[in-house]
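Which chain is which? The protein sequence lines are A and B, in order.
Residue numbering for the first sequence follows my numbering, starting at 9 and increasing by one per position.
Residue numbering for the second sequence follows my numbering, starting at 9 and increasing by one per position.
Every residue gets a Cβ at the ideal spot worked out from N, C-alpha and C, and that includes glycine.
Everything numeric in this text was worked out from a predicted model, so none of it was measured.
Number of protein chains: 2
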Amino acid sequence: MNYKIGLDVSGGDCAPLEPLKGAELARGELDASIVLLGMKEEIARGAQEANIDLSHFEIVEAEEKIEMAESPAYSVRRKKRSSIVIASNMIKNRQIDAFVSCGNTGAVVCASSLLIRLIEGVERPGIGILLPTLKGVCLLIDAGANIEPKPLHLFQYGIMASLYYSSILGKKEPVVGLLNIGEEESKGPDFMKTTHRLFSQSTLNFAGNIEPKSIFSGDCDCVICDGYVGNVVLKLSEGLADAMGKFLALNIKNDPLGKVGALLMRSSLQKFKKSTDYAEYGGAPLLGIDGVVIIGHGRSHAYAIKNALKVAQEELKRDLNARIKGRIDEVSKDSRIREILAA
Amino acid sequence: MNYKIGLDVSGGDCAPLEPLKGAELARGELDASIVLLGMKEEIARGAQEANIDLSHFEIVEAEEKIEMAESPAYSVRRKKRSSIVIASNMIKNRQIDAFVSCGNTGAVVCASSLLIRLIEGVERPGIGILLPTLKGVCLLIDAGANIEPKPLHLFQYGIMASLYYSSILGKKEPVVGLLNIGEEESKGPDFMKTTHRLFSQSTLNFAGNIEPKSIFSGDCDCVICDGYVGNVVLKLSEGLADAMGKFLALNIKNDPLGKVGALLMRSSLQKFKKSTDYAEYGGAPLLGIDGVVIIGHGRSHAYAIKNALKVAQEELKRDLNARIKGRIDEVSKDSRIREILAA
Chain A
9 MNYKIGLDVS
19 GGDCAPLEPL
29 KGAELARGEL
39 DASIVLLGMK
49 EEIARGAQEA
59 NIDLSHFEIV
69 EAEEKIEMAE
79 SPAYSVRRKK
89 RSSIVIASNM
99 IKNRQIDAFV
109 SCGNTGAVVC
119 ASSLLIRLIE
129 GVERPGIGIL
139 LPTLKGVCLL
149 IDAGANIEPK
159 PLHLFQYGIM
169 ASLYYSSILG
179 KKEPVVGLLN
189 IGEEESKGPD
199 FMKTTHRLFS
209 QSTLNFAGNI
219 EPKSIFSGDC
229 DCVICDGYVG
239 NVVLKLSEGL
249 ADAMGKFLAL
259 NIKNDPLGKV
269 GALLMRSSLQ
279 KFKKSTDYAE
289 YGGAPLLGID
299 GVVIIGHGRS
309 HAYAIKNALK
319 VAQEELKRDL
329 NARIKGRIDE
339 VSKDSRIREI
349 LAA
Chain B
9 MNYKIGLDVS
19 GGDCAPLEPL
29 KGAELARGEL
39 DASIVLLGMK
49 EEIARGAQEA
59 NIDLSHFEIV
69 EAEEKIEMAE
79 SPAYSVRRKK
89 RSSIVIASNM
99 IKNRQIDAFV
109 SCGNTGAVVC
119 ASSLLIRLIE
129 GVERPGIGIL
139 LPTLKGVCLL
149 IDAGANIEPK
159 PLHLFQYGIM
169 ASLYYSSILG
179 KKEPVVGLLN
189 IGEEESKGPD
199 FMKTTHRLFS
209 QSTLNFAGNI
219 EPKSIFSGDC
229 DCVICDGYVG
239 NVVLKLSEGL
249 ADAMGKFLAL
259 NIKNDPLGKV
269 GALLMRSSLQ
279 KFKKSTDYAE
289 YGGAPLLGID
299 GVVIIGHGRS
309 HAYAIKNALK
319 VAQEELKRDL
329 NARIKGRIDE
339 VSKDSRIREI
349 LAA
């Protein structure tokens with residue numbers, strides 16, 4: 009089947025150049041065809057600068073643009089001719105199968121939620137992010153789409169994350185952990201306790217509560233948390249890694265031996281940097297939407313965008329959403345789960 | 009005035025040896041006298057091993073012990089003859105002025121809250137932790153005492169943190185930030201928006217919302233958040249720093265140049281480690297309690313315990329709690345604050 013994947017050329021800190029280069033890189037590696045969405049003059053200017061032949065792509069012109077700092081709900085309602093809103097409508101109308109954007113995350117979530125249907129039975133979409141661990145990567149969901157979730161939302165995130173991990177990352181029965189401030193099931197606020205009961209009754213490979221310090225050990229493949237906490241995890245990890253680098257640089261400045269040491273360590277430091285680089289993983293899937301939506305990091309360069317396009321194709325080929333629909337449907341009929349939710 | 013500071017000799021991963029060594033170290037540096045609380049045989053064994061003359065200390069014997077992994081509420085209700093419960097009662101009865109423990113954090117919070125009064129007008133105690141930043145340290149409160157706070161609780165944390173920072177760390181009008189997932193005041197759940205309004209109306213040096221990635225930049229001296237998120241910040245920071253060290257060690261193992269580089273960088277790495285070491289800051293003040301309570305890290309060694317005892321004395325000398333009481337009282341009469349809370 010010939011899938012069509014939309015790419016937001018107007019979104020992200022490095023638009024339009026890097027999205028266009030990413031599309032060109034991906035073209036040779038994808039079966040799917042790529043649909044470029046963005047402002048006409050931006051696409052033309054970027055293509056000229058990067059020396060890209062636009063005849064390889066389908067182009068859908070936008071007439072306005074949602075900026076990175078704009079209010080999501082307001083901009084989505086007002087800017088109906090922006091790449092983000094147009095793409096969401098095209099997914100809804102089955103004109104494209106997937107959409108990759110490095111633009112305003114909130115606007116992508118908002119447009120997807122408002123304009124595209126959810127997968128039947130799914131209550132809320134969630135943003136999954138891939139974090140490096142000592143054993144590989146873990147998928148953390150939700151990273152900010154749903155800041156006050158109910159237990160059923162978190163439980164469904166666990167189901168979707170587990171299916172994503174096994175389908176896309178190829179590990180059977182991935183280990184699912186619930187992020188909490190203590191390992192005992194009595195820890196945390198009430199909605200977390202109910203969520204723990206739902207997971208305990210499920211057929212998921214549930215490891216119970218895990219503490220934040222264990223995320224990076226890699227013992228869990230999928231880490232489930234509310235969007236507020238998930239967003240804190242994401243931004244704190246970025247901020248701390250950045251600060252640690254700056255701390256070290258400050259200390260080395262007046263230490264000649266240290267400078268030489270840092271040079272000798274460069275290859276190891278680069279390997280380390282690569283293993284923790286979001287660009288390797290392409291982007292964050294917005295799970296639960298009836299269509300494939302991938303949110304790239306605002307700072308994404310061509311390589312990350314190419315990877316995001318590949319992940320989008322993988323989700324389509326593996327028919328992830330049909331699997332999610334099937335499992336959500338099964339679980340909704342499970343009497344033990346229904347009892348916990350009714351209590 | 010001759011203050012008395014209680015020290016839990018039975019609490020922490022390195023008890024009784026390190027608390028005893030810490031007390032001995034602190035003895036020469038403090039005006040206050042130190043009261044050792046713990047199991048008789050532990051104190052005797054530790055003193056012999058560390059060659060410490062116990063006649064320099066007052067000793068209060070405990071007959072049981074709250075273990076690190078025990079349920080806080082249950083253990084505090086049941087183990088009335090434990091060092092933690094005895095110390096809380098002694099603070100309440102003004103037999104000691106302060107208590108330092110590296111034992112079960114939950115039990116210390118629980119015993120303090122149940123047995124000691126709160127400072128008049130304070131609604132909930134909060135745990136303040138000192139985190140290293142690129143410009144010094146910031147005080148984050150709450151790190152886990154109150155996982156579902158109301159706006160007034162968070163606002164009072166801001167008042168207490170600001171007074172702690174100016175009194176103990178000596179910076180006038182410290183900058184106070186509210187930890188949130190975006191800088192705009194419209195971000196986050198409703199209780200955060202109300203909290204933002206309270207801070208905006210106050211006389212505190214309020215910088216608005218700050219994102220988690222900015223904690224380590226050092227732009228804010230005091231960072232206010234709910235105890236659930238604060239606990240995630242604390243444990244994630246520890247876990248991530250630890251994982252980054254392990255990542256690097258793994259990569260260097262098969263890289264001879266990298267190994268030499270790491271050796272040459274040792275002095276810088278050690279400086280870095282020292283600047284991020286909780287031991288320098290002594291411990292986490294439990295603010296809001298009518299008495300001085302400091303919670304040390306479970307892994308504290310003598311040096312950290314000595315610093316915690318010094319911080320306890322500093323809180324007493326600066327009469328921090330009287331300042332808190334005065335400011336809380338003023339604020340409770342502020343009509344703008346009352347209006348927001350009544351809305």
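Query, Result
"Quick check: what's the CA-CA separation for Lys256(B) versus Gln103(B)?", "The displayed chain sequence assigns Leu, not Lys, to residue 256(B). Whole-angstrom Cα-Cα distance: 50 angstroms."
"Do you know offhand how far Ile302(A)'s Cα is from Gly266(A)'s?", "41 angstroms"
"Go ahead and pull the three-state DSSP assignment for Ala270(B).", "helix"
"Within the chosen definition, does the region 110-118 of chain A reach the region 294-309 of chain A through at least 3 CB pairs nearer than 8 angstroms?", "yes"
"Give me the chain A residues within the contact set of Val237(B), using Cβ-Cβ distance strictly less than 8 angstroms, ordered along the chain.", "Tyr236, Val237 and Val240"
"Could you name the residues of the same chain whose beta carbon sits closer than 7 angstroms to that of His161(A), not counting the 5 residues immediately before and after it, in chain order?", "Glu131, Arg132 and Asn154"
"Please list the terminal residues of the continuous beta strand (DSSP E) segment that includes Ala106(A).", "Ala106 to Ser109"
"Going by the beta-carbon positions, is the gap between Ser96(A) and Leu123(A) smaller than 8 angstroms?", "yes"
"Need the endpoints of the beta strand (DSSP E) that Ile42(B) sits in, please.", "Ser41 to Met47"
"With DSSP collapsed to three states, give me the class of Asp327(A).", "coil"
"Nearest CA to the CA of Ala292(A): which residue from Asn315(A), Glu69(A) and Leu271(A)?", "Asn315(A)"
"In whole angstroms, what separates the C-alpha of Asp61(B) from that of Ala55(B)?", "7 angstroms"
"Can you list the residues of chain A that Pro220(B) reaches, using a CB-CB cut of under 7 angstroms?", "Val240, Lys243, Leu244 and Gly247"
"Beta-carbon within less than 8 angstroms of Glu191(B)'s beta-carbon, same chain only, minus the 5 sequence neighbours each way: which residues are those?", "Gly216, Asn217, Ile218 and Glu219"
"Anything in chain B within Cβ reach of Val268(A), meaning under 8 angstroms, just list it in chain order.", "Gly269 and Leu272"
"Just to confirm my understanding: we take Gly196(B), look at its own chain, exclude 5 residues before and 5 after, and list those with CB closer than 7 angstroms. What are they?", "Asn188 and Ile189"
"Here's the rule I'm using: 16 or more other beta-carbon atoms within 10 Å means buried, otherwise exposed. How should Asn59(A) be labelled?", "exposed"
"Which of the residues in the region 195-222 of chain A, read from start to end, lie with their CB under 8 angstroms from any CB of chain B?", "Gly196, Pro197, Glu219, Pro220, Lys221 and Ser222"
"Please tell me whether Met252(A) has its Cβ less than 8 angstroms away from any Cβ of chain B.", "yes"
"Identify the continuous beta strand (DSSP E) that holds Pro293(B) and give its terminal residues.", "Ala292 to Leu295"
"How do the region 315-332 of chain A and the region 70-88 of chain B stand: do at least 3 beta-carbon pairs fall below 8 angstroms, yes or no?", "no"
"According to DSSP, what are the bridge partners of Val301(B)?", "Phe107(B)"
"Would you please verify whether the beta carbon of Ile137(B) is less than 8 angstroms from any beta carbon of chain A?", "no"
"Just how far apart, CA to CA, sit Glu156(A) and Ser208(A)?", "22 angstroms"
"Nearest-angstrom Cα distance between Val108(A) and Ser83(B)?", "53 angstroms"
"Could you name the residues of the same chain whose beta carbon sits closer than 6 angstroms to that of Ile348(A), not counting the 5 residues immediately before and after it, in chain order?", "Arg205 and Leu206"
"I need the straight-line Cα distance from His305(B) to Ser245(B), nearest angstrom please.", "14 angstroms"
"In this structure, how does DSSP classify Leu171(A) when only helix, strand and coil are distinguished?", "helix"
"If Leu15(A) and Leu38(A) are in contact, beta carbons under 8 angstroms, what's the gap, nearest whole angstrom?", "Not a contact, Cβ separation roughly 11 angstroms."
"Tell me whether Ser90(A) sits in a helix, a strand or coil according to DSSP, three-state version.", "strand"
"Using 8 angstroms as the limit for Cβ to Cβ distance, is Ser275(B) near chain A?", "yes"
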